[in-house]
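**Student:**
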Amino acid sequence: MAKVTVSLDAQLVVEVMVLAGVGNPQDAVELVVRDYIARGHRTEAKIAERDEALREIDAGPRTNEG
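At position 51 of the sequence shown (counting the first as 1) the number is 51 in my numbering, and the numbers step up by one without a gap.
Right, dumping it as structure tokens:
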């Protein structure tokens with residue numbers, strides 16, 4: 001996999017290291033990025049499930065009232 005070098009504020013990286021419980025800045029930032037991506041995928045899956053459920057409700061038989 002290709003690598004990218006990014007400059008970040010040292011205080012920001014130290015805070016990420018503390019929160020992630022990791023002693024290596026590279027690993028800490030990578031964990032945060034991977035978590036962010038995974039969270040996005042989970043959100044997309046939840047939205048897709050909700051949309052599918054709404055489609056099933058809309059596709060159901062309709063009763064005429066009146």
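Just so you know, even glycine gets a beta-carbon here, dropped at the ideal spot from N, CA and C.
Is LEU31 near ALA20, with beta carbons less than 7 Å apart?
**Tutor:** Going by C-beta atoms, LEU31 is nearer than 7 Å to ALA20.
**Student:** Classify ALA28 as buried or exposed, calling it buried when 16 or more other Cβ atoms lie within 10 Å of its own Cβ.
**Tutor:** By the neighbour-count rule (16 or more Cβ atoms within 10 Å), ALA28 is buried.
**Student:** Short check: CB of VAL6 to CB of PRO25, under 7 Å?
**Tutor:** Not a contact, by the Cβ cut-off of 7 Å.
**Student:** At what residues does the alpha helix (DSSP H) containing LEU8 begin and finish?
**Tutor:** Counting along the chain, LEU8 falls outside any alpha helix (DSSP H), and DSSP gives it neither H nor E.
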